[in-house]
Amino acid sequence: MAHQEIENNSPETKEPATKIPKLHQNGDAETVSFFKVKKLSEKAVLPSRGSPLSAGYDLSSATETKVPARGKALVPTDLSIAVPEGTYARIDHTEEYL
């Protein structure tokens, strides 16, 4: 009888850690994880993560903009962001600025 190797059928599988690429200021368009970002002006600031474990990216204003207390304002980023179909994305305020 031939010797057969026993396969590990454990339900626990280990997948390689996902590496999150950094954005760089040296190109017009950069691929970040799963979306593309294009700077529309020299004043545009590419999105960045506050820390490696951040759930999302931080956006910056392309111009100095004042938002009144408890108010709303349209804040230009001068970015074009392409999010693939089937992907959820939203822009939300940051608690530290409230």
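Going by the UniProt record's numbering, the sequence shown opens with residue 1, and the numbers climb by one from there. Just so it is clear, CB atoms sit at the ideal spot from N, CA and C, and this is done for glycine as well. Since this is a predicted model, take the numbers as computed values, not measurements.
Cβ-based neighbour list, residue i, same chain, cut-off 7 Å, excluding 5 preceding and 5 following
{"i": "S61", "result": "V75, P76, T77"}
{"i": "T65", "result": "A73, V75"}
{"i": "S80", "result": "K38, L40"}
Beta-carbon gap between residue i and residue j smaller than 8 Å
{"i": "I91", "j": "L59", "result": "yes"}
Beta-carbon separation (whole angstroms), residue i vs residue j, contact threshold 8 Å
{"i": "K36", "j": "A82", "result": "4 Å"}
{"i": "Y57", "j": "R49", "result": "6 Å"}
Residue i burial status per 10 Å Cβ neighbour count (16 or more: buried)
{"i": "A89", "result": "exposed"}
{"i": "A55", "result": "exposed"}
Beta-carbon contacts of residue i that lie in its chain and below 6 Å, excluding the five residues immediately before and after
{"i": "E85", "result": "none"}
Contact test: residue i Cβ vs the ligand SAH heavy atom, cutoff 7 Å
{"i": "R70", "result": "For the structure depicted, the ligand SAH is absent and the ligand set is empty, with no information on it obtainable."}
query = Considering only residues of the UniProt domain "dUTPase-like" (43-91), which uninterrupted beta strand (DSSP E) runs meet the minimum length of 3 residues and lie entirely inside it, listed in chain order?
reply = Annotation: the UniProt domain "dUTPase-like" (43-91) contains the following complete segments of the beta strand (DSSP E) (minimum length 3 residues), in chain order: 79-82.
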